[in-house]
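Take a look at the structure below.
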DNA sequence: TATCATACGGAGTTAGGATTCCGTTTCCGG
DNA sequence: CCGGAAACGGAATCCTAACTCCGTATGATA
């Protein structure tokens, strides 16, 4: 149960600064590796380091929030797939994966968290991560029933695969779409099992 | 062309120490993440830090040597596959990949180099890396000719895939063999193309 | 075994960054 | 328009490693 700290209002400037900080962090993490420095975030956000620390206890927390926001996007995409992919179960799953990978391609913070980032970062994403897995399970189940998905593939494999693709993106110089396509090919049911349409 | 610095002899104790250092580094990197410290390596090797730096200009160089040695093992395995897998082209390639992945599972230094590690580390592996790609090309070509390999799969995809699996291993908590199997499944030729045996 | 080029040890230096501290400034309710 | 709680700014502090330096020890050669 995530504590929904019922902090009342929040001064206007504070709210504004919090947003600036997140925006700056997003921008810096978008291109660079996770070695973005708090001082840079502060500068770009137009605030002092102290202010960053007022809003986020430490760097991990800041990254955590970025990751959480990313997961919100993931989940929106997954939900769309659930709602609109009834007639193409496998393809809708695959497309959701492709889109999410593309989305993470511009977000080093999330990539880092997904790979080497300690569990710490994910502490701030608990709820969204759960929801993600829930949606993943639905998509996987449906695709499996359609007979197009390799029955051994599990919803929990999705984060693992995403982690792998993240590494590829991070390293740069490779065509990660190729990597993802390969994996998606591997997810397909073997021809032996005729689709039970 | 790697410079084969024709340094003559090398004092006996020096040679011995160099080995101790490498052994210690291997041991420490085997379990831990790449945050192993030079001081720890020195202590375990029973030498002073200065000695480590006498043998390796910097940390990258030390890791580089570890990676190089790992690649030598990779190559031995690949060579075996080339020599003994004539009748099972696809399987021999797949098995070589599995074995190499297992081998890298106990070597954080190489994992690191393969993923986030800067190019620096690979500077020391030039020759072995070339050889690796050469062997990979042979295996891929042969498997492709047999019709069992997806014709779109290229030898250069192997490092990419390995990188992905490394990330999975590194993150821990996942069954990377599963990941690799998935990828290998994706490498298989689609049923449409009947094996041209 | 004397000589000295090689090697060694490890305290000390340096540098990059995260995090803290506290005097000052800015909101907001009354 | 006031008082004080809530926020700010950013210089200073602390830490964590990598790496350097130089006096000492040791293997190899004549």
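Protein chains in written order, with our numbering: chain A, 1 to 197; chain B, 1001 to 1197.
In this text, a Cβ means the ideal position worked out from N, Cα and C, and glycines have one as well.
Fair warning: this is a prediction, and the values are worked out from it, not measured in the lab.
Of all residues in the region 151–165 of chain A, the ones placed with a Cβ closer than 9 angstroms to any Cβ belonging to chain B are 152, 153, 154, 156, 157, 159, 160, 161, 163, 164, 165, in chain order. Taking a Cβ-Cβ threshold of 9 angstroms, none of the residues of chain A is close to residue 1091 of chain B; the smallest such distance is about 16 angstroms.
DSSP places residue 1145 of chain B in the helix class (H, G or I) of the three-state scheme.
Interface residue (Cβ-Cβ distance to chain B less than 8 angstroms): residue 170 of chain A is classified as such. Secondary structure note for residue 57 of chain A: it is in no alpha helix (DSSP H), with a DSSP letter that is neither H nor E.
Residues of chain A with a Cβ closer than 8 angstroms to the Cβ of residue 1178 of chain B are, in chain order, 157, 160.
Sequence-distant Cβ neighbours of residue 82 of chain A in its own chain, meaning closer than 7 angstroms and more than five residues away, are 135, 138, 139. In terms of Cβ geometry, residue 183 of chain A and residue 1183 of chain B form a close pair [threshold 8 angstroms]. With a minimum length of 4 residues, the unbroken runs of alpha helix (DSSP H) contained wholly in the region 8–81 of chain A fall at 12–31, 38–45, 49–55. Within chain A, no residue has its beta carbon less than 8 angstroms from that of residue 1103 of chain B; the closest one is some 18 angstroms off.
In the DSSP assignment, the residues bridged to residue 1188 of chain B are B:1149.
Residue 1023 of chain B sits away from residue 1124 of chain B, with the two beta carbons spaced by 8 angstroms or more.
For residue 1136 of chain B, the secondary structure class from DSSP, reduced to helix, strand or coil, is helix. Between the C-alpha atoms of residue 1042 of chain B and residue 93 of chain A there is a straight-line separation of about 50 angstroms.
Annotation: the continuous alpha helix (DSSP H) that includes residue 114 of chain A extends over 108–114. Residue 143 of chain A and residue 1067 of chain B have their C-alpha atoms spaced approximately 41 angstroms apart. For residue 175 of chain A, the secondary structure class from DSSP, reduced to helix, strand or coil, is coil.
Neighbours of residue 10 of chain A in chain B, taken as residues at a C-beta separation under 9 angstroms, are lacking, since the least C-beta distance is about 35 angstroms. At a cut-off of 8 angstroms, the C-beta of residue 63 of chain A has no neighbouring C-beta in chain B.
Here residue 1077 of chain B is near residue 1099 of chain B, since their CB atoms are less than 8 angstroms apart. When secondary structure is reduced to three states using DSSP, residue 1088 of chain B falls in the coil class, being assigned neither helix nor strand. Shown here for residue 1176 of chain B: same chain residues with a beta carbon closer than 6 angstroms to its own, the five before and five after excluded, namely 1165, 1168, 1169 in chain order. Nearest to residue 1044 of chain B by alpha-carbon distance, out of B:1028, B:1032, B:1055, is B:1028. For residue 121 of chain A, no chain B residue has a Cβ inside 8 angstroms of its Cβ, as the nearest lies near 12 angstroms away. Rounded to the nearest whole angstrom, the C-alpha separation of residue 1129 of chain B and residue 36 of chain A is 31 angstroms.
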